[in-house]
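These protein sequences, in sequence, are chains E and Z.
The first sequence maps to residues 1 to 225 in my numbering.
The second sequence maps to residues 1001 to 1225 in my numbering.
Virtual Cβ for every residue (Gly too), placed ideally from N, Cα, C.
One structure is given here, and the rest of the page talks about it.
Number of protein chains: 2
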Amino acid sequence: MDTAPRPGLRERKKQRTRDALVRSALELFAAQGYERTTVDEIVEAVDVSQRTFFRYFAGKEEAAFAVQEMTESHFLDAVRQRPPHEAPLDALRRAVMASWDTIGEAIEAVVPIELHMRTYQLIESTPALLATHLRRHEGLEEQLARLIAQREGVDVDADPRPRVAVALFGGVMRLAARRWGAGEDFSVAAMRELTASYLDQMGPALIENWHTRDKEDREDTRDTP
Amino acid sequence: MDTAPRPGLRERKKQRTRDALVRSALELFAAQGYERTTVDEIVEAVDVSQRTFFRYFAGKEEAAFAVQEMTESHFLDAVRQRPPHEAPLDALRRAVMASWDTIGEAIEAVVPIELHMRTYQLIESTPALLATHLRRHEGLEEQLARLIAQREGVDVDADPRPRVAVALFGGVMRLAARRWGAGEDFSVAAMRELTASYLDQMGPALIENWHTRDKEDREDTRDTP
DNA sequence: TTGTCAATTGTCAGTGGCTGTCACTAACCT
DNA sequence: AGGTTAGTGACAGCCACTGACAATTGACAA
Chain E
1 MDTAPRPGLR ERKKQRTRDA LVRSALELFA AQGYERTTVD EIVEAVDVSQ RTFFRYFAGK
61 EEAAFAVQEM TESHFLDAVR QRPPHEAPLD ALRRAVMASW DTIGEAIEAV VPIELHMRTY
121 QLIESTPALL ATHLRRHEGL EEQLARLIAQ REGVDVDADP RPRVAVALFG GVMRLAARRW
181 GAGEDFSVAA MRELTASYLD QMGPALIENW HTRDKEDRED TRDTP
Chain Z
1001 MDTAPRPGLR ERKKQRTRDA LVRSALELFA AQGYERTTVD EIVEAVDVSQ RTFFRYFAGK
1061 EEAAFAVQEM TESHFLDAVR QRPPHEAPLD ALRRAVMASW DTIGEAIEAV VPIELHMRTY
1121 QLIESTPALL ATHLRRHEGL EEQLARLIAQ REGVDVDADP RPRVAVALFG GVMRLAARRW
1181 GAGEDFSVAA MRELTASYLD QMGPALIENW HTRDKEDRED TRDTP
């Protein structure tokens, strides 16, 4: 089970180079923006050739998502650890909250958490990065759907509910992230509160009539009711 | 209100050049794929300089989404035309269905519908295009949320329900599109059916217990219920 | 220790998307 | 007709990214 028997010098060196590239990239991105940072600048700070950078990362973007990658698999693990009696959406919600609490350490091993939060904010505000982020998010939804289907003992392709449930959940999670990025408070606590409050609104938003009181409000100024 | 008083020779020429570039691009994309098509190839078929292409489109991608742009604003119009007594999610659903019916003509003015469907399929299957598509989709959701809030007479930023409702709806619409792209039948009819069936599952997916029968299934193997 | 093999890296040359600049031409306006 | 403006082409250049080949270095055995 232990995935670390003994890395070996070569492996360790590789890991160090990779981490250094990620750190260099994220710092430069945070300092001057994603587009205004060239790959040459990134590699210069680590003192490797540009070609080496592209051997570690398929593109400049991949370096920007290196830490995100970690948090995503961490979240998937959190979902897997949810007790099976929890309802699907409940399990997803609790998994998110739980993973916020424990992801910190893993991140710090590569970059300061604050830098990661700034990167996340940068992703939300940089069109090119946001686009890639959303594509990755869809990939995650597919994996989640399979997990949920497995949990509930149904077939992902035969029963639409796993994918629909995850789509609903994912839609709201994205909304929370978007609003978080548009706000002022870039703390984890703010993210957590926003997420919770939006998830709470899933039920109310589905209710047919949003106006429980003052029906006068709906006097139609149109001709055909 | 009429936005077409008299185009003028200059305007007409510009429109023709733009349409020709879109058609050329979409045909080449469909024939050899997005990445394998160079801008030089696109402009050569229309006999303009590469520089001109980039004066019409911010990038190669923008040409790929030219027709999508039309369908999106068409859909927004359909939402605006929904009678105010329909519940938000009901109005959205009916607007989608209605816009499928009437979008055809507008598309044909630029490219054959079949080419548009192939392009849509290409977008779903090309990572770079899919990413951009998803970003555009989020932009659309924001506009939708404002529309819904206006319809219901609430404040988009004070009341979370418009954005949540749209997020739920958008999530399911994306799921339908994704599954459509993964399937075999690339017809509008197939898309319509898929959409309807997934929207029907929104309620069921939110139900706490997916297993209506055999409660034996849920005997908890854990200690803390 | 040393020689061999394979993985990692650097160098170089090139492609393709995209931008700035500038001069030229064609459409518009009076 | 003549001046103004918009659209265009040609050219130079930046930057992300790739293929090919040579140089280096860790891994491992003789």
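Check                                                                                                                                                                      : Outcome
Who are the Cβ neighbours of E:Ile113 in its own chain at under 7 Å, not counting the five residues just before and after it?                                              : Gly104, Ile107
Quick one: Cα of E:Leu76 to Cα of Z:Arg1010, how far?                                                                                                                      : 57 Å
Could you check if Z:Ala1158 is buried or exposed, using at least 16 other CB atoms within 10 Å of its CB as the buried criterion?                                         : exposed
At a CB-CB cut-off below 7 Å, which residues of chain Z make contact with E:Glu208?                                                                                        : Ala1087
DSSP three-state label for Z:Asp1040, please.                                                                                                                              : helix
Taking Cβ positions only, does Z:Gly1231 come closer than 9 Å to chain E?                                                                                                  : For chain Z, the structure presents residues 1001 to 1225; residue 1231 of chain Z sits outside this window and is missing.
Can you tell me whether Z:His1211 is buried or exposed? The criterion is at least 16 other CB atoms within 10 Å of its CB, across all chains shown.                        : exposed
How long is the line joining the alpha carbons of E:Leu147 and E:Ala190, rounded to whole angstroms?                                                                       : 28 Å
Thinking C-alpha only, which one of E:Glu86, E:Arg178, E:Leu144 is nearest E:Val164?                                                                                       : E:Leu144
Against chain E, with Cβ distances strictly below 9 Å, would Z:Asp1217 count as a contact?                                                                                 : Residue placement at Z:Asp1217 is flagged as unreliable, the pLDDT there being 42, under the threshold of 50; a coordinate-derived value is accordingly withheld.
What first and last residue would you give for the alpha helix (DSSP H) that runs through E:Asp77?                                                                         : 66 to 80
Evaluate E:Ile207 with the Cβ neighbour count: other Cβ atoms within 10 Å of its Cβ, from every protein chain shown; 16 or more gives buried, anything less gives exposed. : exposed
So, is the C-beta of E:Glu35 closer than 9 Å to a C-beta in chain Z?                                                                                                       : no
Between which two residues does the alpha helix (DSSP H) holding E:Trp210 run?                                                                                             : No alpha helix (DSSP H) holds E:Trp210; DSSP gives it neither H nor E.
By the DSSP assignment, the alpha helix (DSSP H) with E:Ala109 in it spans what residues?                                                                                  : Segment: none, E:Ala109 is in no alpha helix (DSSP H) and carries neither H nor E.
Starting from E:Gln15, find everything on chain Z with Cβ-Cβ shorter than 9 Å and list it in chain order.                                                                  : None at all; the shortest Cβ gap to chain Z is about 27 Å.
I want to know whether the segment 1128 to 1138 of chain Z touches the segment 119 to 137 of chain E - three or more CB-CB distances under 8 Å.                            : yes
Measure the Cβ-Cβ separation of Z:Ser1049 and Z:His1074 and say whether it is below 9 Å.                                                                                   : no
Let me know if Z:Arg1080 comes out buried or exposed under the rule of 16 or more other beta-carbons within 10 Å of its beta-carbon.                                       : exposed
Can you check which of these residues, E:Ala20, E:Gly33, E:Gly139, is closest to E:Thr52 by C-alpha distance?                                                              : E:Ala20
Closest to Z:Leu1140 by C-alpha separation, out of E:Asp155, E:Leu175, E:Arg136, would be which residue?                                                                   : E:Leu175
Just the chain E side, please: which residues come within less than 8 Å of Z:Leu1147 by C-beta, in chain order?                                                            : Residues of chain E passing the Cβ test: none, with the nearest at roughly 14 Å.
Using a Cβ cut-off of 9 Å (strictly closer), state whether Z:Leu1168 contacts chain E.                                                                                     : yes
Taking DSSP as the reference, what is the three-state secondary structure of Z:Glu1244?                                                                                    : Only positions 1001 to 1225 of chain Z appear in the structure, and residue 1244 of chain Z is not among them; the question remains open.
Which stretch, first to last residue, makes up the alpha helix (DSSP H) that contains E:Val188?                                                                            : 188 to 200
Can E:Val39 and E:Phe29 be called in contact, C-beta distance under 9 Å?                                                                                                   : no
In the DSSP assignment, find the alpha helix (DSSP H) that holds E:Tyr56 and state where it starts and stops.                                                              : 50 to 56
Return the residue from the list Z:Tyr1056, Z:Ser1125, Z:Asp1185, Z:Tyr1034 that minimises the CA-CA distance to Z:Arg1016.                                                : Z:Tyr1056
Comparing the C-beta of Z:Leu1134 with each C-beta of chain E, is any distance below 9 Å?                                                                                  : yes
In this structure, does DSSP put E:Thr126 in helix, strand or coil?                                                                                                        : coil
Can you list, in chain order, the residues of the segment 1078 to 1109 of chain Z whose Cβ is nearer than 9 Å to any Cβ on chain E?                                        : Pro1083, Pro1084, His1085, Ala1087, Pro1088, Leu1089, Asp1090
Just by C-beta distance, which residues in the segment 1174 to 1201 of chain Z are closer than 8 Å to chain E?                                                             : Arg1174, Leu1175, Arg1178, Arg1179, Ser1197, Tyr1198, Gln1201
Please state the DSSP three-state secondary structure of E:Ala45.                                                                                                          : helix
Given that a residue counts as buried once 16 or more other Cβ atoms are within 10 Å of its Cβ, and exposed if not, what is Z:Ala1182?                                     : exposed
Counting only C-beta atoms, is Z:Glu1138 closer than 9 Å to chain E at any point?                                                                                          : yes
Look at the Cβ atom of E:Arg136, then the Cβ atom of E:Glu72, and state whether they are nearer than 9 Å.                                                                  : yes
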